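So the protein sequences, as listed, match chains V and P.
For the first sequence, position 203 (counting from the first letter as 1) is numbered 203 according to the UniProt record's numbering, and the numbering increases by one without interruption.
For the second sequence, position 223 (counting from the first letter as 1) is numbered 223 according to the UniProt record's numbering, and the numbering increases by one without interruption.
In what follows, a structure is listed as structure tokens, so that the remarks can point back to it.
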Amino acid sequence: MHIQENLTIQQKLEILSDAAKYDVACTSSGVDRQGDGKSMGNSVASGICHTFSADGRCISLLKILYTNECIFDCKYCINRSSNDVKRTSFTPEEVCSLTMEFYRRNYIEGLFLSSGILRNPNYTMDLIYQTLYQLRMIHQFNGYIHVKAIPGTDPELVDKIGWLADRMSVNLELPTADGLKMLAPNKNRTNILRPMKQIQNGIYSNRQQLGLKDKQVLLPSKEIAVSNQQTGMVATGLTNQDISSIHKENALRVKRLSAVNMKKGDRVYVPAGQSTQMIIGATPENDFELVSVAEALYRNFNLKRVFYSAFIKVNEDSMLPTIAGGPPLLREHRLYQADWLMRYYGFSSGELLSEKQPNFNVLLDPKCDWALRNLHLFPVEINKADYYTLLRVPGIGVKSVSRIMEARKHARLDFADLKKIGVVLKRAMYFITCSGKTMYAMKFNENFITNQLTSLEDKIILGLEDNTTYQQLSLFDVKNFNMGIKA
Amino acid sequence: MEQYIFQCEDSLDGIFTAIYNAWDSGYGHKNIQIQFIDQMMNYQLFSKYIPVVTDYEKSEKVVRTIKKKISVEAYETICRAAMTDRQDKADAIYRFVILGIHYGSSIITNYSNPVVQTIFEMNRAVGNEVHHYTGFLRFSELKNHVLYGKINPKNNVITLLAPHFADRLPVENWIIHDEVRQLAIVHQIGEGWVQVDTSEVDFSELGKINNEEESLEQLWKSFVESIAILERTNYKLQRQNLPIRFRRNMTEFTN
Numbered sequence: 001m002h003i004q005e006n007l008t009i010q011q012k013l014e015i016l017s018d019a020a021k022y023d024v025a026c027t028s029s030g031v032d033r034q035g036d037g038k039s040m041g042n043s044v045a046s047g048i049c050h051t052f053s054a055d056g057r058c059i060s061l062l063k064i065l066y067t068n069e070c071i072f073d074c075k076y077c078i079n080r081s082s083n084d085v086k087r088t089s090f091t092p093e094e095v096c097s098l099t100m101e102f103y104r105r106n107y108i109e110g111l112f113l114s115s116g117i118l119r120n121p122n123y124t125m126d127l128i129y130q131t132l133y134q135l136r137m138i139h140q141f142n143g144y145i146h147v148k149a150i151p152g153t154d155p156e157l158v159d160k161i162g163w164l165a166d167r168m169s170v171n172l173e174l175p176t177a178d179g180l181k182m183l184a185p186n187k188n189r190t191n192i193l194r195p196m197k198q199i200q201n202g203i204y205s206n207r208q209q210l211g212l213k214d215k216q217v218l219l220p221s222k223e224i225a226v227s228n229q230q231t232g233m234v235a236t237g238l239t240n241q242d243i244s245s246i247h248k249e250n251a252l253r254v255k256r257l258s259a260v261n262m263k264k265g266d267r268v269y270v271p272a273g274q275s276t277q278m279i280i281g282a283t284p285e286n287d288f289e290l291v292s293v294a295e296a297l298y299r300n301f302n303l304k305r306v307f308y309s310a311f312i313k314v315n316e317d318s319m320l321p322t323i324a325g326g327p328p329l330l331r332e333h334r335l336y337q338a339d340w341l342m343r344y345y346g347f348s349s350g351e352l353l354s355e356k357q358p359n360f361n362v363l364l365d366p367k368c369d370w371a372l373r374n375l376h377l378f379p380v381e382i383n384k385a386d387y388y389t390l391l392r393v394p395g396i397g398v399k400s401v402s403r404i405m406e407a408r409k410h411a412r413l414d415f416a417d418l419k420k421i422g423v424v425l426k427r428a429m430y431f432i433t434c435s436g437k438t439m440y441a442m443k444f445n446e447n448f449i450t451n452q453l454t455s456l457e458d459k460i461i462l463g464l465e466d467n468t469t470y471q472q473l474s475l476f477d478v479k480n481f482n483m484g485i486k487a
Numbered sequence: 001m002e003q004y005i006f007q008c009e010d011s012l013d014g015i016f017t018a019i020y021n022a023w024d025s026g027y028g029h030k031n032i033q034i035q036f037i038d039q040m041m042n043y044q045l046f047s048k049y050i051p052v053v054t055d056y057e058k059s060e061k062v063v064r065t066i067k068k069k070i071s072v073e074a075y076e077t078i079c080r081a082a083m084t085d086r087q088d089k090a091d092a093i094y095r096f097v098i099l100g101i102h103y104g105s106s107i108i109t110n111y112s113n114p115v116v117q118t119i120f121e122m123n124r125a126v127g128n129e130v131h132h133y134t135g136f137l138r139f140s141e142l143k144n145h146v147l148y149g150k151i152n153p154k155n156n157v158i159t160l161l162a163p164h165f166a167d168r169l170p171v172e173n174w175i176i177h178d179e180v181r182q183l184a185i186v187h188q189i190g191e192g193w194v195q196v197d198t199s200e201v202d203f204s205e206l207g208k209i210n211n212e213e214e215s216l217e218q219l220w221k222s223f224v225e226s227i228a229i230l231e232r233t234n235y236k237l238q239r240q241n242l243p244i245r246f247r248r249n250m251t252e253f254t255n
């Protein structure tokens with residue numbers, strides 16, 4: 001291993017932020033903490049983005065590794081021990097002074113500290129603990145801290161860190177135990193899930209002690225029988241009302257910890273909850289398996305977030321796949337969309353995908369796709385439908401639904417009002433009526449709506465937009481011809 | 001029908017005073033408009049222009065009425081709406097207050113009413129810009145250790161930004177300078193913050209930042225550069241999330 005001596009802080013920062021860039025989470029959300037009037041920092045539950053890097057991702061936290069020296073040899077990782085890259089480590093003092101100086105200039109919202117494994121997990125985590133301790137106690141830093149827990153660390157050490165950090169995360173790395181065995185021979189699933197469980201229990205008991213009224217933290221109850229019927233793939237014979245109650249049930253089951261509102265001097269154990277991340281595209285799992293894993297994590301571990309990271313091939317290794325066309329960004333995007341549907345919209349994984357249809361539609365977002373498979377539930381009357389039914393309409397989000405619920409107490413809503421409220425009519429118009437009328441006279445059949453919707457996909461987000469805005473005229477409507485055969 | 005046009009100054013107190021006078025005049029709401037004194041606009045025929053002298057006592061009475069008859073939330077919404085750069089805001093607020101006093105606190109959610117929609121849009125535009133600047137504002141340290149941040153916002157957001165930074169950085173002396181409106185928020189350790197008019201102040205006289213500051217800026221720039229993943233480069237997404245207009249004063253986008 002090539003360890004560089006006498007690097008300047010600038011060189012260290014370049015190496016160790018470059019090494020940390022594949023960590024996805026850069027959110028600073030989940031906890032409201034007032035400033036205490038005599039030290040630096042506060043925290044806002046919505047999170048604040050401070051800038052956006054050239055890849056369009058948000059930079060909110062100072063995302064660095066403590067060290068990129070590592071004893072493990074995970075095949076997908078740029079820092080694997082067999083790689084010949086420049087190695088270096090920060091000292092606790094350096095991390096603290098960088099964080100403080102960046103924070104007071106409003107560059108960042110806080111610190112995101114991860115690390116390679118130096119000597120052994122305990123040794124590394126102890127260095128991280130010292131860093132956080134100095135930052136919180138000596139520098140009186142009151143901003144956001146997200147820290148990675150390294151699997152295999154002593155529970156006592158994880159606990160000590162939990163009292164200093166706002167959010168902790170243990171990386172799942174790969175969605176299945178087999179994949180993990182194949183690509184990360186030094187890690188194992190049990191070691192990853194143990195600290196996750198420990199942090200979950202820690203959060204739970206701390207919130208109980210504090211008497212926080214937080215029903216959602218309760219561990220999930222047994223699966224109820226009704227949820228087995230819902231395949232979502234075929235007409236189930238359930239009425240809108242049945243389905244709506246199932247959705248409500250789903251939403252409550254997946255709902256994670258609510259944001260903690262911390263007052264001056266409060267000490268809360270991992271107040272912003274825990275998250276995890278997994279790499280997609282490095283192992284052969286399909287999308288259905290991925291969303292099922294995510295759903296299980298939300299239900300069983302009360303995670304705040306599961307992050308998905310499109311696999312980028314940074315090492316040459318025969319075990320790693322080569323993906324034509326670069327990292328699977330569209331797939332990652334679809335997974336995030338599905339993730340939101342599970343956390344905020346009351347969808348279960350089985351409704352979005354199934355054994356028969358194990359992967360997401362490339363051309364349609366999961367919600368539109370679901371709606372098209374369940375056209376018998378539409379159109380929905382805006383002025384009458386209940387909360388969970390409205391939530392399932394493509395083009396209507398959580399905010400719009402609550403505004404609709406409020407606004408229709410005053411007056412009947414029309415399409416023009418919906419537009420002002422924030423409903424995306426170009427998607428929603430096919431699935432709703434206002435006072436019994438659709439927006440335009442249109443055919444209510446699957447092919448027609450599919451054609452209309454596939455021409456809307458948001459190409460900027462996917463980075464798929466090429467620079468040509470014109471198209472060769474053709475006698476045949478090529479695109480629609482292709483759509484006729486259902487994707 | 002003859003119109004009565006009340007002309008007030010562009011400030012919260014100015015608008016509230018105009019609302020007080022308009023109400024007090026008894027001309028009937030539909031015969032009244034409220035505009036700003038310095039508003040570039042053609043004079044209307046058959047209209048009587050009435051200048052409004054800002055009166056803090058009257059303004060205070062209107063505030064009290066809004067809080068009592070509508071709600072505190074409505075008052076906060078109005079305050080945010082009053083910070084937009086739209087010229088029709090004074091009249092919009094007037095219409096909203098009339099409705100609010102009639103309907104009470106529920107008015108705020110009556111999104112299908114055009115008057116409420118206007119206020120809702122103004123409130124959202126200002127709220128969004130404030131949230132953006134809580135992240136996109138950059139301070140640089142001057143020689144005397146004062147943190148100085150310059151912004152060019154569309155809406156008048158500095159008074160709404162101040163509480164956030166006062167809570168976050170109580171142990172620093174800092175200045176947030178709105179270059180467009182020649183206003184600044186000045187915060188002094190242990191003294192709270194005040195808004196000052198800076199049209200007379202020459203900011204080029206501020207102590208130029210020293211070498212240490214430059215090396216720190218360099219650190220930040222190299223961090224922003226190295227954190228991006230080359231394989232995922234997507235400038236359009238970056239521009240969508242961080243529009244060019246914000247970048248003028250952001251350390252990582254200046255040379």
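We put the CB at the ideal spot given by N, CA and C, even for glycine.
Quick caveat, the model's predicted, so the values are computed rather than measured.
Taking the CB atoms as reference points, tell me whether T99 (chain V) and L135 (chain V) lie closer together than 8 Å.
As a first step, residue 99 (chain V) is located in the first sequence; it is residue number 99 there, counting from the start. As a first step, residue 135 (chain V) is located in the first sequence; it is residue number 135 there, counting from the start. Yes, the Cβ-Cβ distance between T99 (chain V) and L135 (chain V) is below 8 Å.
Quick one, which of V:F102, V:I161, V:Y107, V:Y344 has its alpha-carbon nearest N122 (chain V)'s?
Working through the first sequence from its first residue, we reach residue 122 (chain V) at position 122. Comparing Cα positions, the closest option is V:I161.
Using CA coordinates, which residue listed in V:L157, V:A149, V:E93 is at the minimum distance from T131 (chain V)?
Taking the first sequence and counting its residues from 1, one reaches residue 131 (chain V) at position 131. Closest option to T131 (chain V), Cα to Cα, is V:E93.
Given the structure, does G26 (chain P) come close to the ligand ADP, in the sense that its CB is under 7 Å from one of the ligand's heavy atoms?
The ligand ADP is not part of this structure, which contains no ligands at all.
Across which residues does DSSP place V186 (chain P) in a beta bridge pair?
In the second sequence, counting from the first residue as 1, residue 186 (chain P) sits at position 186. Looking at the DSSP assignment, V186 (chain P) forms a beta bridge with P:I175, P:V194.
State yes or no: is the C-beta of L330 (chain V) within less than 8 Å of the C-beta of V362 (chain V)?
Taking the first sequence and counting its residues from 1, the one referred to as residue 330 (chain V) is at position 330. Taking the first sequence and counting its residues from 1, the one referred to as residue 362 (chain V) is at position 362. Taking 8 Å as the Cβ cut-off, L330 (chain V) and V362 (chain V) qualify as a contacting pair.
Got a sec: is the Cβ-Cβ distance from P327 (chain V) to anything in chain P below 8 Å?
Along the first sequence, read from residue 1 onward, the residue named residue 327 (chain V) stands at position 327. Closer than 8 Å to some Cβ of chain P, the Cβ of P327 (chain V) qualifies, so yes.
How big is the Cα-Cα spacing for D73 (chain V) and R80 (chain V)?
Locating residue 73 (chain V) in the first sequence gives position 73, where the first residue counts as 1. Locating residue 80 (chain V) in the first sequence gives position 80, where the first residue counts as 1. Approximately 4 Å, taken between the alpha carbons.
Could you name the residues of chain P that I382 (chain V) contacts, counting a contact when the two beta carbons are closer than 8 Å?
By 1-based counting over the first sequence, the position of residue 382 (chain V) is 382. Below the 8 Å Cβ cutoff, chain P contributes no neighbours of I382 (chain V), its closest Cβ being approximately 11 Å away.
Backbone CA spacing between S11 (chain P) and R168 (chain P) [nearest angstrom]:
Numbered from 1 along the second sequence, position 11 holds the residue referred to as residue 11 (chain P). Numbered from 1 along the second sequence, position 168 holds the residue referred to as residue 168 (chain P). Rounded to whole angstroms, S11 (chain P) to R168 (chain P) spans 27 Å at the Cα level.
With respect to the beta strand (DSSP E) encompassing A282 (chain V), which residues constitute its N-terminal and C-terminal limits?
Position 282 of the first sequence holds residue 282 (chain V). A282 (chain V) -> no beta strand (DSSP E), and no H or E assigned at all.
Skipping 5 residues on each side, what residues in its chain have a beta carbon closer than 6 Å to that of Q182 (chain P)?
Numbered from 1 along the second sequence, position 182 holds the residue referred to as residue 182 (chain P). Closer than 6 Å at the Cβ level, and outside the excluded window around Q182 (chain P), lie T198, S199.
Residues in its own chain within less than 7 Å of Y49 (chain P) by CB, not counting five upstream and five downstream?
Position 49 of the second sequence, counting from 1, holds the residue named residue 49 (chain P). Short of 7 Å from the beta carbon of Y49 (chain P), and not among the five residues preceding or following it, lie these beta carbons of its own chain, in chain order: I5, Q7.
Any Cβ of chain V within less than 8 Å of the Cβ of I175 (chain P)?
One-based indexing of the second sequence puts residue 175 (chain P) at position 175. Chain V contact via Cβ: absent.
Buried or exposed (CB count within 10 angstroms, at least 16 for buried), K222 (chain V):
Numbered from its first residue, the first sequence carries residue 222 (chain V) at position 222. Note that K222 (chain V) scores a pLDDT of 44, beneath 50, so its modelled location is shaky; the value from the coordinates is reported in the next line. Per the 10 Å Cβ criterion, exposed.
To which residues of the same chain is S140 (chain P) closer than 8 Å at the C-beta, ignoring the five residues directly before and after it?
Residue 140 (chain P) sits at position 140 when you count from the first residue of the second sequence. For S140 (chain P), same chain residues with a beta-carbon under 8 Å away, outside a window of 5 residues either side, are L147, Y148, G149, I209, E213, E217, T251 in chain order.
Where the segment 380-414 of chain V meets chain P: residues whose CB sits under 7 Å from a CB there:
Contacts with chain P (Cβ-Cβ distance below 7 Å) from the segment 380-414 of chain V involve R403, E406, A407, H410, A411, L413, listed in chain order.
Best match in V:G326, V:K356, V:R104, V:R189 for proximity to E173 (chain V) [C-alpha to C-alpha]:
Locating residue 173 (chain V) in the first sequence gives position 173, counting from the first residue. Answer by Cα proximity: V:R189.
Name the DSSP beta bridge partners of P51 (chain P), please?
Numbered from its first residue, the second sequence carries residue 51 (chain P) at position 51. When beta bridges are read from the DSSP output, P51 (chain P) appears opposite P:Q7.
What residue range does the beta strand (DSSP E) around L62 (chain V) cover?
Counting from one through the first sequence, the residue named residue 62 (chain V) turns up at place 62. Note, L62 (chain V): beta strand (DSSP E), 61-65.
Closer than 7 Å by beta-carbon distance: list the chain V residues that pair up with W220 (chain P), in chain order.
On the second sequence, position 220 is the one that residue 220 (chain P) refers to. For a Cβ distance threshold of 7 Å, residue set F102, Y107 of chain V lies close to W220 (chain P), ordered along the chain.
Excluding five sequence neighbours on each side, which residues of the same chain lie with their C-beta closer than 8 Å to the C-beta of Y27 (chain P)?
On the second sequence, residue 27 (chain P) is found 27 positions in, with the first residue counted as 1. Cβ neighbours of Y27 (chain P) beyond the five flanking positions: Y4.
For residue 343 (chain P), which residues in the same chain have their Cβ closer than 6 Å to its Cβ, ignoring the five residues on either side in sequence?
Only positions 1 to 255 of chain P appear in this structure, which leaves residue 343 (chain P) out of reach.
Within 10 Å of its beta-carbon, does G281 (chain V) have 16 or more other beta-carbons around it, so buried, or fewer, so exposed?
Looking up residue 281 (chain V) in the first sequence gives position 281. G281 (chain V) should be labelled buried.
I think L65 (chain V) touches L16 (chain V), with their Cβ atoms under 8 Å apart; what is that distance to the nearest whole Å?
The residue given as residue 65 (chain V) occupies position 65 in the first sequence. The residue given as residue 16 (chain V) occupies position 16 in the first sequence. That pair is a contact at about 5 Å.
Is the shortest distance between the beta-carbon of A54 (chain V) and the beta-carbons of chain P less than 8 Å?
Taking the first sequence and counting its residues from 1, the one referred to as residue 54 (chain V) is at position 54. Residue contact with chain P for A54 (chain V): present (Cβ-Cβ distance below 8 Å to some residue of chain P).
Could you name the residues that DSSP lists as bridge partners for Q35 (chain P)?
One-based indexing of the second sequence puts residue 35 (chain P) at position 35. DSSP output for Q35 (chain P) lists P:Q7 as bridge partner(s).
If we define contact as Cβ-Cβ less than 8 Å, is D73 (chain V) a contact residue for chain P?
Here residue 73 (chain V) refers to the residue found at position 73 when the first sequence is read from its first residue. Against chain P, the CB of D73 (chain V) has no partner CB under 8 Å away; the residue lies outside that interface.
Considering K58 (chain P), what are the terminal residues of the alpha helix (DSSP H) in which it resides?
Taking the second sequence and counting its residues from 1, one reaches residue 58 (chain P) at position 58. Run containing K58 (chain P): 56-65, per the alpha helix (DSSP H) assignment.
Going along the segment 128-147 of chain P in order, which residues come within less than 8 Å of chain V, judged by CB to CB distance?
So the list reads H131, T134, G135, F136, L137, R138, F139, S140, E141, L147, given in the order they occur along the chain.
In this structure, how does DSSP classify T51 (chain V) when only helix, strand and coil are distinguished?
Mapped onto the first sequence, residue 51 (chain V) falls at position 51. Correct three-state label for T51 (chain V): strand.
Does chain V have any CB closer than 8 Å to the CB of G100 (chain P)?
Looking up residue 100 (chain P) in the second sequence gives position 100. Output row for G100 (chain P): interface = no.
Listed in chain order, which residues of the segment 224-241 of chain P have Cβ atoms closer than 7 Å to some Cβ of chain V?
Going along the segment 224-241 of chain P in chain order, one finds V224, S226, I227, A228, I229, E231, R232, T233, N234, Y235, K236, L237, Q238, Q240, N241 with a Cβ nearer than 7 Å to chain V.
For a cutoff of 8 Å on Cβ pairs, would you count L13 (chain V) as touching chain P?
What you label residue 13 (chain V) is simply residue 13 of the first sequence in a count that begins at 1. So, interface residue.
Should residue 304 (chain P) be flagged as near chain V, meaning a C-beta pair shorter than 8 Å?
Examination of residue 304 (chain P) is not possible in this model, given that chain P is present from 1 through 255 alone.
Under 9 Å Cβ-Cβ, which residues of chain V neighbour N110 (chain P)?
Translated into the one-based positions of the second sequence, residue 110 (chain P) becomes position 110. For N110 (chain P), the chain V residues whose Cβ falls inside 9 Å of its Cβ are E406, A407, K409, H410, A411, in order along the chain.
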